[in-house]
Amino acid sequence: MTKLLSFLILLLSVVSLFGQTGFEEIDSASQKVSKGLKTVDEIALYLTKDLKQKEEKVRAIYIWVTHNIQYDMALVNNPITYTEETNIADEALKNRKGVCEHYAQLFNRMCTAIGITSYVISGYTRQFEGATIDPLNHAWNGVVINNQYYLVYATWDAGYFDKSTYVHEFQDEFFLVEPKEFIKTHMPFDPIWQFHNNPITHTEYMIEDFSKLSRVGNYTFRDSIATMIALDTIYRIEKSIARIQKAGVTNTLIQEEINANEELLEYYK
Numbered sequence: 000m001t002k003l004l005s006f007l008i009l010l011l012s013v014v015s016l017f018g019q020t021g022f023e024e025i026d027s028a029s030q031k032v033s034k035g036l037k038t039v040d041e042i043a044l045y046l047t048k049d050l051k052q053k054e055e056k057v058r059a060i061y062i063w064v065t066h067n068i069q070y071d072m073a074l075v076n077n078p079i080t081y082t083e084e085t086n087i088a089d090e091a092l093k094n095r096k097g098v099c100e101h102y103a104q105l106f107n108r109m110c111t112a113i114g115i116t117s118y119v120i121s122g123y124t125r126q127f128e129g130a131t132i133d134p135l136n137h138a139w140n141g142v143v144i145n146n147q148y149y150l151v152y153a154t155w156d157a158g159y160f161d162k163s164t165y166v167h168e169f170q171d172e173f174f175l176v177e178p179k180e181f182i183k184t185h186m187p188f189d190p191i192w193q194f195h196n197n198p199i200t201h202t203e204y205m206i207e208d209f210s211k212l213s214r215v216g217n218y219t220f221r222d223s224i225a226t227m228i229a230l231d232t233i234y235r236i237e238k239s240i241a242r243i244q245k246a247g248v249t250n251t252l253i254q255e256e257i258n259a260n261e262e263l264l265e266y267y268k
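With numbering that gives the first Met the number 0, the residue at position 61 of the sequence shown is 60, and numbering never jumps.
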């Protein structure tokens with residue numbers, strides 16, 4: 000029993016040490032870049048120029064975004080309508096602050112600049128299992144590394160709120176999270192972004208019924224994403240609206256997302 004206990008303690012120590020130091024060198028080097036780097040592409044290329052693994056490159060970008068962009072409470076109370084996604088990322092870089100959409104679009108642009116497949120995902124959240132639904136919509140990212148799909152949420156890792164005060168302090172809790180774990184607190188409006196072959200409905204998310212995820216389904220989300228990307232903008236928005244509606248409209252945030260997509264559809268038409 001003593002030998003077994005000693006082995007378990009040693010094993011836990013090694014796991015803990017790896018968890019703390021696996022990205023230590025990258026994290027230290029990626030928090031700041033030269034002031035001479037002005038564009039999204041320049042910063043992304045600089046951060047990753049000496050890295051070989053995709054996971055390391057994504058980590059470097061993630062560290063820079065979470066350490067250099069602060070949450071903008073004023074923008075939450077006075078939202079701005081953007082006609083182009085690139086404007087959001089450029090504004091985040093210029094002002095070094097924003098809301099979750101700014102974090103997500105900036106992270107996405109930087110990944111794209113170095114050839115990493117990344118997506119911006121809109122949805123709603125609960126802080127932890129059993130909590131009520133957050134009254135604001137959110138945006139995070141999906142990334143593909145070695146043909147595996149992961150989720151990251153730079154906004155929540157960049158800092159937190161202490162009552163009404165924002166504390167810009169890195170948390171490191173939502174980097175490359177497995178889809179089955181991430182969905183327990185983060186629900187995409189569009190089921191395609193759950194990255195599951197048996198996605199849950201909005202009703203199932205509300206009652207925290209994730210049992211379906213352990214069963215094999217026939218929803219080929221990889222093919223669906225590839226098909227969606229090949230569509231032009233108008234058809235892409237129309238298909239997204241249809242998928243969201245099919246998954247069930249169970250709260251006002253979902254309906255607001257549908258309304259926003261319908262307005263965007265009219266803009267492009």
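For each residue, glycine too, the CB sits at the ideal point set by N, CA and C.
Keep in mind it's a predicted model, so treat the numbers as computed, not measured.
Exposure label - residue i; buried when at least 16 CB within 10 Å
i: Ile199; result: buried
i: Tyr118; result: buried
i: Gly271; result: With the chain covering only 0 through 268, there is no way to say anything about residue 271.
i: Pro178; result: buried
i: Asn145; result: exposed
i: Asp171; result: exposed
i: Gln52; result: exposed
i: Arg58; result: buried
i: Val39; result: buried
i: Gln147; result: exposed
i: Ala73; result: exposed
i: Ala225; result: exposed
i: Glu54; result: buried
i: Val151; result: buried
i: Phe174; result: buried
i: Ile206; result: exposed
i: Lys56; result: buried
i: Thr20; result: Note that Thr20 scores 47 on pLDDT, short of 50, meaning its location in the model is unreliable; the coordinates nonetheless yield the value given after this. Exposed: under 16 other Cβ atoms inside 10 Å.
i: Glu262; result: exposed
i: Val75; result: exposed
i: Ser239; result: buried
i: Tyr159; result: exposed
i: Leu230; result: exposed
i: Val215; result: exposed
i: Glu90; result: buried
i: Ser27; result: exposed
i: Ser163; result: exposed
Local conformation of residue i per DSSP, three classes
i: Ala138; result: strand
i: Phe160; result: strand
i: Lys51; result: coil
i: Lys96; result: strand
i: Thr65; result: helix
i: Val166; result: strand
i: Ser33; result: coil
i: Thr38; result: coil
i: Ile113; result: coil
i: Tyr152; result: coil
i: Val75; result: helix
i: Ile144; result: strand
i: Ile240; result: helix
i: Ile120; result: strand
i: Val248; result: coil
i: Thr1; result: Because Thr1 carries a pLDDT of 43, less than 50, the predicted location of this residue cannot be relied on, and the following value inherits that uncertainty. Helix, per DSSP.
i: Leu264; result: helix
Residue j beta carbon less than 8 Å from that of residue i
i: Tyr123; j: Leu212; result: no
i: Asn136; j: Ser121; result: yes
i: Thr65; j: Phe127; result: no
i: Phe194; j: Phe220; result: yes
i: Arg108; j: Ile68; result: no
i: Ile115; j: Ile62; result: no
i: Asn197; j: Tyr165; result: no
i: Ile60; j: Phe22; result: no
i: Asn260; j: Ile236; result: yes
CB-CB length for residue i against residue j, believed under 8 Å
i: Glu255; j: Ile243; result: Contact doesn't hold; Cβ gap of about 11 Å is too wide.
i: Ile113; j: Thr47; result: 5 Å
i: Tyr102; j: Ala157; result: 7 Å
i: Ile182; j: Ser223; result: Going by Cβ atoms, the distance from Ile182 to Ser223 rounds to 17 Å, so no, they are not a contact pair.
i: Ala246; j: His201; result: 5 Å
i: Thr154; j: Cys99; result: 4 Å
i: Tyr266; j: Ile233; result: Going by Cβ atoms, the distance from Tyr266 to Ile233 rounds to 10 Å, so no, they are not a contact pair.
i: Met42; j: Leu36; result: What sits at residue 42 in the sequence shown is Ile, not Met. Ile42 to Leu36, Cβ: 5 Å. Contact.
Residue i CB to nearest heavy atom of the ligand SAM below 7 Å
i: Ser33; result: No copy of the ligand SAM appears in this structure; indeed no ligand is present at all.
CB contact below 8 Å: residue i versus chain D
i: Gln193; result: The structure shown contains no chain D; it is built from a single protein chain.
In chain order, which continuous runs of the beta strand (DSSP E) of length 3 or greater are located wholly inside the stretch 184 to 227? Runs of the beta strand (DSSP E) inside the stretch 184 to 227: 185 to 187.
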